[in-house]
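Position one of the sequence shown corresponds to residue 206 (UniProt numbering), numbered consecutively onward.
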Amino acid sequence: EWKLQDVLTEQIELVKAAVGPDEHVVCALSGGVDSTVAATLVHRAIGDRLHCVFVDNGLCRYKEGERVMGTFKSDLHLPVTCVDATDMFLSRLKGVVDPEKKRKIIGAAFIAVFEEFSVQLEKELGKKPSFLVQGTLYPDVIESCPPPGSGKSHSHTIKSHHNVGGLPADMQFKLVEPLKWLFKDEVRKLGALLEVPDSFLKRHPFPGPGLAVRILGDVTQGNALETIRLADEIFVNSIREAGLYDEIWQAFAVYLPVKTVGVQGDKRTHSNAVALRAITSEDGMTADWYHFNSKFLADVSSKICNSIRDINRVVYDITSKPPSTVEWE
Ligand code: XMP
C-alpha cells in the first residue's frame, strides 16, 4: 500500500544519502505549497545545511512577504533569508505593458537575485553549495517530457509560466526533487505530516509573476499596486468570512487601466475600475466562473468602493476557461 508516511521516511533517507555530510543545499521559496513542502522535507534530512531564500519582488499580495516569512520561521523553523528586491523588479518593469515581456523580465530578475544570493552564500560558507531543491511534481515531470506521439510539446505553451527554476546552465547545481513522484493532493498530505500549517497547505495557487499579471499594463502606473492589494484583500477576506474559500480554486482582483466616471459623496469622480475573478477548477487547465449570490457581490463591491479612494467601479468576470484564461494577462 502507498503510505505517505513511508514515502516521507524514504525521501528523507534518500536526501540524506544523496547530499554528502559536508555539502550544502540551496532552495528558493516562493511562498507556494510545493517549494515549502520540499524545503521542509529537506530540512528534516540535512538540517541547517539547507539555505533558503525568499525573494520579495514587490509584486506580492497584501502583507504576503511578512505572512510567508512568519510561517517559514515561526512554524517551520526553516533557515531562510528574505531578499527585498522590490526596487530592482519595479524599475525593470517600468513602462512595460506586454504580458510576456513582463514574465521574461521577472524571470531574469529572479535569476539575478538568486545568483547574487548564491555568491554571498559561497563566501560565507567558504565553499559552493552543490545542490538545489526544487518542488517539481509528477505532472511537471510529465509535462516537460511529453510521451512520444502524445502530440504535446512546448510549442503549445500559451503563457510562458515562470516558476522558480529555469536557472542558467552555468550555475550547475545537482537537483534535489523529493516530490517528483507525487501529485498535488499527495503533496498537501505530505505537508500535513511535516506539520506545515493547514491554512498554508490549502491556499489558492498564486502565479509566479504575482500582481504583475493582475495589473493590466504598466505595473508601476499610479497607485496600481497599492490599490490592487487592498481590493484583493477585501475580496478574499469576504470569501473566507462567507466560508467559501475552500470551494474556490482561485479568487483575486484585477486592476484595469481604465478610468470611468462615478459619483461618490455627491462628487463626480473619474477613477479606476477593478475586476473580480473567482473560479472553480480541478487543475487550472479548464475552469468555471464561480456563481456567488448577488448579495455577496454587492457587499464586496460597496466595501471596495467605500474603502479604496482610487476605485469607483467593480465588475465581476463571468467567463470560463476556455475561452478566457484564468489570469487576465
Ligand atoms: P492561465 O491564466 O494560464 O492560468 O489560465 C492557469 C494557472 O496558472 C497560473 N499562472 C501562472 N503561474 N507563472 C505561474 O507560476 C505564470 O506566469 C502564470 N500565469 C498563470 C494561474 O494563476 C492559474 O492557476
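Think of the CB as a built atom: it goes at the ideal place given N, C-alpha and C, for glycine as much as any other residue.
Next item on the list: Assign Tyr521 to one of three DSSP states: helix, strand, or coil.
Entry: Counted from its first residue, the sequence shown places residue 521 at position 316. Looking at Tyr521 - three-state DSSP - the assignment turns out to be strand.
Check: Can you find a CB in chain D that lies within less than 8 Å of the CB of Glu215?
Finding: Looking for chain D here will not work: only one protein chain is present.
Next item on the list: Indicate the three-state DSSP secondary structure (helix, strand or coil) for Ile484 in the structure shown.
Entry: Mapped onto the sequence shown, residue 484 falls at position 279. Residue state, collapsed to three classes: strand.
Notebook entry, point to check: Under the rule that 16 or more other beta-carbon atoms within 10 Å means buried, what is Glu241, buried or exposed?
Noted result: In the sequence shown, counting from the first residue as 1, residue 241 sits at position 36. In the sequence on display, residue 241 carries Thr and not Glu. The residue is buried, with at least 16 neighbouring Cβ atoms inside 10 Å.
Note to self: Measuring only from the beta carbon, is Val531 closer than 7 Å to any heavy atom that is part of the ligand XMP?
What the structure shows: Mapped onto the sequence shown, residue 531 falls at position 326. Yes.
Check: For Ala243, which residues of its own chain have a beta-carbon under 6 Å away from its beta-carbon, when the five flanking residues on both sides are left out?
Finding: Within the sequence shown, numbered from 1, the residue matching residue 243 stands at position 38. Result list for Ala243: Val338, Gly340, Pro383 and Leu384, in chain order.
Checklist line | Whole-Å CB distance - Ser478 paired with Arg518, under 8 Å assumed | finding: For this step, residue 478 is matched to residue 273 along the sequence shown. For this step, residue 518 is matched to residue 313 along the sequence shown. According to the sequence provided, residue 478 is Ala. The question's Ser does not apply to it. Right, the Cβ-Cβ distance comes to about 4 Å (below 8 Å), so this counts as a contact.
Item checked: Inter-residue spacing [alpha-carbon to alpha-carbon] between Val247 and Glu391 -> In the sequence shown, residue 247 corresponds to position 42, counting from 1. In the sequence shown, residue 391 corresponds to position 186, counting from 1. A straight line joining the alpha-carbon of Val247 with that of Glu391 spans about 17 Å.
Next item on the list: Just mark Val224 as buried or exposed, buried being the case when its beta carbon has 16 or more other beta carbons within 10 Å.
Entry: Here residue 224 refers to the residue found at position 19 of the sequence shown. Classification for Val224: buried.
Next item on the list: Express the C-alpha separation of Val285 and Ala233 in angstroms, rounding to a whole number.
Entry: Locating residue 233 in the sequence shown gives position 28, where the first residue counts as 1. Locating residue 285 in the sequence shown gives position 80, where the first residue counts as 1. In a straight line, the C-alpha of Ala233 is about 9 Å away from that of Val285.
Margin query: Could you give the first and the last residue of the continuous alpha helix (DSSP H) run that contains residue 191?
Written below: This structure cannot speak to residue 191, because the chain is shown only from 206 to 534.
Notebook entry, point to check: Where does Ala436 sit, in a helix, a strand or coil, going by DSSP?
Noted result: Start at 1 with the first residue of the sequence shown, and residue 436 comes out as number 231. If DSSP states are grouped into helix, strand and coil, Ala436 belongs with the helices.
Next item on the list: Classify Ile513 as helix, strand or coil using the three-state DSSP reduction.
Entry: By 1-based counting over the sequence shown, the position of residue 513 is 308. Coil, per DSSP.
Notebook entry, point to check: With distances taken from CA atoms, which of Ser507, Phe457 and Ile516 is nearest Val531?
Noted result: Numbered from its first residue, the sequence shown carries residue 531 at position 326. The residue with the shortest Cα to Cα distance from Val531 is Phe457.
Check: Of the choices Tyr460, Ile439 and Gly252, whose alpha-carbon is the least far from that of His282?
Finding: Here residue 282 is taken as the residue at index 77 of the sequence shown, counted from 1. Checked all of Tyr460, Ile439 and Gly252; the closest Cα to His282 is Gly252.
Item checked: Local Cβ density within 10 Å of His256, reported as buried at 16 or more and exposed below that -> Position 51 of the sequence shown, counted from the first residue, corresponds to residue 256. With 16 or more Cβ atoms within 10 Å of its Cβ, His256 is classed as buried.
Check: Can you list, in chain order, the residues of its chain whose CB lies under 8 Å from that of Leu213, leaving out five sequence neighbours each side?
Finding: Taking the sequence shown and counting its residues from 1, one reaches residue 213 at position 8. Excluding residues within five positions, the ones whose Cβ falls inside 8 Å are Leu246, Leu395, Leu398 and Leu399.
Check: For Phe294, which of Val318, Arg272 and Asp504 has the nearest alpha-carbon?
Finding: Sequence index remark: in the sequence shown, residue 294 carries index 89 (1-based). Nearest of Val318, Arg272 and Asp504 to Phe294, Cα basis: Val318.
Next item on the list: Indicate, with yes or no, if the ligand XMP has a heavy atom lying under 7 Å from the CB of Lys526.
Entry: The count along the sequence shown starts at 1 and reaches residue 526 at position 321. True, at least one ligand heavy atom lies under 7 Å from that Cβ.
Note to self: For Asn498 and Gly448, what's the separation of their Cα atoms in angstroms?
What the structure shows: Within the sequence shown, residue 498 is the residue found at index 293, counting from 1. Within the sequence shown, residue 448 is the residue found at index 243, counting from 1. Each residue's alpha carbon lies about 13 Å from the other.
Next item on the list: Find out if the Cβ-Cβ distance for the pair Tyr450, Leu481 is shorter than 8 Å.
Entry: Here residue 450 is taken as the residue at index 245 of the sequence shown, counted from 1. Here residue 481 is taken as the residue at index 276 of the sequence shown, counted from 1. No, they are not a contact pair.
Note to self: So, under 8 Å CB-CB, Arg297 and Ile316 are touching, yes? Tell me the CB distance rounded to an integer number of Å.
What the structure shows: Taking the sequence shown and counting its residues from 1, one reaches residue 297 at position 92. Taking the sequence shown and counting its residues from 1, one reaches residue 316 at position 111. The pair is not a contact, with the Cβ atoms about 12 Å apart (cut-off 8 Å).
Margin query: Is Val424 close to the ligand XMP? I mean its beta-carbon at under 7 Å from any heavy atom of the ligand.
Written below: Indexing the sequence shown from 1 puts residue 424 at position 219. False, no ligand heavy atom lies under 7 Å from that Cβ.
Check: Under the criterion of a Cβ to heavy atom distance below 7 Å, does Gly489 qualify as lining the ligand ADP?
Finding: The model on display carries the ligand XMP but not the ligand ADP.
Item checked: Extent of the continuous beta strand (DSSP E) to which Tyr460 belongs -> Here residue 460 is taken as the residue at index 255 of the sequence shown, counted from 1. Element bounds for Tyr460: Gln455 to Gln469.
Next item on the list: Take every Cβ of the stretch 419–431, pair it with every Cβ of the stretch 466–474, and state whether three or more of those distances are shorter than 8 Å.
Entry: Contact between the stretch 419–431 and the stretch 466–474 is absent, with fewer than three C-beta pairs closer than 8 Å.
Margin query: According to DSSP, Val285 sits in a beta bridge with which residue or residues?
Written below: In the sequence shown, the residue the question calls residue 285 occupies position 80. DSSP, once it has assigned bridges, lists Cys257 as partnering Val285.
Check: In or out: Ser506 buried (at least 16 other Cβ within 10 Å) or exposed?
Finding: On the sequence shown, residue 506 is found 301 positions in, with the first residue counted as 1. Around the C-beta of Ser506, 16 or more other C-beta atoms lie within 10 Å, and the residue is accordingly described as buried.
Next item on the list: Give the DSSP-derived three-state secondary structure of Ser404 in the structure shown.
Entry: Here residue 404 refers to the residue found at position 199 when the sequence shown is read from its first residue. Note: Ser404 maps to helix in three-state DSSP.
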